[in-house]
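Presented below is the structure to which this report refers.
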Amino acid sequence: AFGKKGVQALLIEMALPEIETEADRLLGRMTDNRMHVKIETQRQTKKGDLLETLDINISDELGTRNYEMFSGGEAFRINFAIRIALSKLLARRAGAPLPTLVIDEGFGTQDSAGIEKLKEAINSIQDDFDKILVITHIEELRDAFPTRIDVVKTAEGSTLEIS
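Right under this line is the structure:
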């Protein structure tokens, strides 16, 4: 009951559809519905047997590929969607609010179109959180949000500027 095919597998099987649905919704929003998430827990071996697995497959205009086959910018968007989906599931299951989302850097892999999609994705989930803190050095993102706290390094130390 407590082995990898017991309770743990059952809990994972129950949670994955929720994670997949939310991640797919977010990823679709960030990619103009060009990319979709599919999480698979079984795959067929060459012998025809079923093998327990946890594969994240992404469908796009080129077909369906494993998550590991995507570039930095694409992988970032996939990761972002899955992390948000998992966070929302854990908060919902714990019966706890998820008041604050902190997104710390990691945007360097995004081209300007990717940054635009990320801004849209962040704005689209703002109602799910009381506060969203985005930490970045990228100008396009710094100017995208109504309230900013700029950390300015001076010879005397760092200061904060709130705008």
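In terms of the numbering used here, the sequence shown has 90 at position 91, counting the first letter as 1, and numbering is strictly consecutive. We treat Cβ as the ideally placed atom computed from N, Cα and C, and that holds for glycine.
In angstroms, rounded to a whole number, what distance separates the CA positions of E21 and A112?
-> Here the question's residue 21 lines up with position 22 in the sequence shown. Here the question's residue 112 lines up with position 113 in the sequence shown. Between E21 and A112, the C-alpha separation is close to 22 Å.
Report yes or no: do the segment 22 to 32 and the segment 88 to 96 share at least 3 C-beta pairs separated by less than 8 Å?
-> At 8 Å Cβ cutoff, the stretches do not touch.
Go to R24, then tell me how far its alpha helix (DSSP H) extends in each direction, as first and last residue.
-> By 1-based counting over the sequence shown, the position of residue 24 is 25. In the DSSP assignment, R24 falls within the alpha helix (DSSP H) that extends over V6 to M29.
When the distance is taken between beta carbons, is T99 closer than 8 Å to D129?
-> Within the sequence shown, residue 129 is the residue found at index 130, counting from 1. Within the sequence shown, residue 99 is the residue found at index 100, counting from 1. In this structure, D129 lies near T99, with their beta-carbon atoms less than 8 Å apart.
Same chain only: Cβ atoms within 8 Å of Q41, ignoring 5 sequence neighbours per side = Translated into the one-based positions of the sequence shown, residue 41 becomes position 42. Here the set comprises L49, L50, E51 and T52.
Close Cβ partners of V150 (< 7 Å) along its chain, the five nearest in sequence each way excluded | Walking along the sequence shown from the start, residue 150 turns up at place 151. Correct list, in chain order: S157 and L159.
Does DSSP put D54 in a helix, a strand or coil?
-> As a working note, residue 54 is residue 55 in the sequence shown. It is a strand residue.
So, are the CB atoms of F106 and I137 less than 8 Å apart?
-> Here residue 106 is taken as the residue at index 107 of the sequence shown, counted from 1. Here residue 137 is taken as the residue at index 138 of the sequence shown, counted from 1. For the pair F106 and I137, the CB atoms are nearer than the 8 Å cut-off.
State yes or no: is the C-beta of G72 within less than 8 Å of the C-beta of D103?
-> Here residue 72 refers to the residue found at position 73 when the sequence shown is read from its first residue. Here residue 103 refers to the residue found at position 104 when the sequence shown is read from its first residue. No, they are not a contact pair.
Rounded to whole angstroms, how far is the Cβ of I57 from the Cβ of F69, which I believe are closer than 8 Å?
-> Taking the sequence shown and counting its residues from 1, one reaches residue 57 at position 58. Taking the sequence shown and counting its residues from 1, one reaches residue 69 at position 70. Contact holds; Cβ gap of about 6 Å.
Tell me, please, which residues DSSP counts as bridged to N65.
-> The count along the sequence shown starts at 1 and reaches residue 65 at position 66. The partner list for N65 (beta bridge, DSSP) reads N56.
With a Cβ-Cβ cutoff of 8 Å, do F75 and T44 count as a contact?
-> Within the sequence shown, the letter at position 76 stands for residue 75. Within the sequence shown, the letter at position 45 stands for residue 44. Not closer than 8 Å, so no.
Does DSSP put G113 in a helix, a strand or coil?
-> Taking the first residue of the sequence shown as position 1, residue 113 is located at position 114. Looking at G113 - three-state DSSP - the assignment turns out to be helix.
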